[in-house]
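Peer 1: Below is the structure I would like to discuss, written out as C-alpha cells.
Numbering (our numbering), first residue to last: 10 to 264.
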C-alpha cells in the first residue's frame, strides 16, 4: 500500500570528495562506483578564512558542495543531512572529560549536528532558515521530504546538502555499511514540466522478508545511502528502490 510521495525539480547540483573534485570525475565514479578513500580538505575558498578554519574535514566537504551549488544566491532555506555528524569532535570532547581536561568552547560549539549549517549561515550573513537532521539509513529520503515541505510552504527553492565520512576508529566496529567521505548538494524547486531533472520519491511499508534481508546485509560492503542516491541521479537512472527503516523507498526520474 502506497503511503505517500513527493515530486520536485533539481535546478543545480554539486559534489565533493577526496579525489573527486569535478563533474566529470563524479560521472566516471557513478558509472563504475568504487569505495572513496583518501584525505584532504575541500578549499571552501568562498568562505572567510576565520570561519573556514573552524570547520573540520567533513564540514568543509559539506560547505564546498553548498557554496558551489548555491552559486551566490541568498535567502534560500537549507536542509543539511548527515547520519553521523561531527562524531569525531564528540569523541575528542568525551576523551577530554574522561581525563578531567577542560572542554574547548569552540570544539563544543562545532560538535553539534547543525555546525556546518550554522557556519554557512553566519559566513553568508543569510537569515534564511536552516535545518539539520539525521534519520538512520533513510536520512536522505527524510531530508528530501523536509525540503519538499518547505517548497510546499512557499519557498521558491531549497538547498539540500547530504554529507558524511568514515567513522572514527573507536566506532568502526559498529558500522553497518562502508562509510566513505562525500558531500553533495541539490538546489531544489517545485516540480516544473520544463525542467530536465524532475524527480519523484514515493514510499510504502516494506514486508518483513525485505526488512530482514536488509538487516542481514547490514554488515556488508554496501555503499552509504547518500552515495546510492547520488549514483542514481548522476547516471540518470529511471528508478532506484531502497529498503530501509521499515519502508520501501522508490526514486524515479520523470519524463
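Note that the Cβ used here is the ideal one computed from N, Cα and C, for glycine as well.
Assuming residue 155 is part of the alpha helix (DSSP H), what are its boundary residues?
Peer 2: 148–161
Peer 1: Excluding five sequence neighbours on each side, which residues of the same chain lie with their C-beta closer than 7 Å to the C-beta of residue 132?
Peer 2: So the qualifying residues of the chain are 56, 57, 60.
Peer 1: Excluding five sequence neighbours on each side, which residues of the same chain lie with their C-beta closer than 7 Å to the C-beta of residue 231?
Peer 2: 186, 187
Peer 1: So, are the CB atoms of residue 137 and residue 88 less than 8 Å apart?
Peer 2: It is not a contact, given that the beta carbons lie outside the stated cut-off.
Peer 1: I want to know whether the segment 141–157 touches the segment 234–245 - three or more CB-CB distances under 8 Å.
Peer 2: yes
Peer 1: Please work out which residues of its chain come closer than 7 Å, Cβ to Cβ, to residue 103, disregarding the five sequence neighbours upstream and downstream, and give them in chain order.
Peer 2: Annotation for residue 103: no residue places its beta carbon closer than 7 Å to its own, counting only its chain and skipping 5 residues before and after.
Peer 1: Could you give the residue range of the beta strand (DSSP E) that holds residue 172?
Peer 2: 166–173
Peer 1: For the 8 Å Cβ check, are there 3 or more pairs between the segment 39–48 and the segment 189–198?
Peer 2: yes
Peer 1: Under DSSP, the beta strand (DSSP E) around residue 73 begins and ends at which residues?
Peer 2: Element bounds for residue 73: not the beta strand (DSSP E) but the alpha helix (DSSP H), 66–79.
Peer 1: I'd like to know whether the C-beta atoms of residue 199 and residue 22 end up nearer to each other than 8 Å.
Peer 2: no
Peer 1: Cα separation between residue 170 and residue 77?
Peer 2: 11 Å
Peer 1: Per the DSSP calculation, residue 91 is bridged to which residue(s)?
Peer 2: In the DSSP assignment, residue 91 is bridged to no other residue.
Peer 1: Is the CB-CB distance between residue 15 and residue 157 below 8 Å?
Peer 2: yes
Peer 1: Here's the rule: buried if 16 or more other CB atoms are within 10 angstroms of the residue's CB, otherwise exposed. What is residue 134?
Peer 2: exposed
Peer 1: For residue 224, count neighbouring C-beta atoms within 10 Å of its own C-beta (all shown protein chains included) and say buried if the count is 16 or more, exposed if not.
Peer 2: Bear in mind that the predicted position of residue 224 carries a pLDDT of just 47, short of 50, making it unreliable; the figure below should be weighed with that in mind. Exposed.
Peer 1: Could you give the DSSP three-state label for residue 119: helix, strand or coil?
Peer 2: coil
Peer 1: Does DSSP put residue 15 in a helix, a strand or coil?
Peer 2: strand
Peer 1: If contacts are defined as beta-carbon pairs under 8 Å, then residue 215 and residue 129 qualify, I think. What distance do you get, rounded to the angstrom?
Peer 2: The pair is not a contact, with the Cβ atoms about 34 Å apart (cut-off 8 Å).
Peer 1: In the DSSP assignment, find the unbroken alpha helix (DSSP H) run with residue 28 in it and report its ends.
Peer 2: Residue 28 -> no alpha helix (DSSP H), and no H or E assigned at all.
Peer 1: Check the DSSP bridge columns for residue 193 and list the partner residues they point to.
Peer 2: Residue 193 is bridged to 24, 171.
Peer 1: For the alpha helix (DSSP H) containing residue 60, name the first residue and the last one.
Peer 2: 58–61
Peer 1: With burial defined as no fewer than 16 other Cβ atoms inside 10 Å of the residue's Cβ, what is the status of residue 167: buried or exposed?
Peer 2: buried
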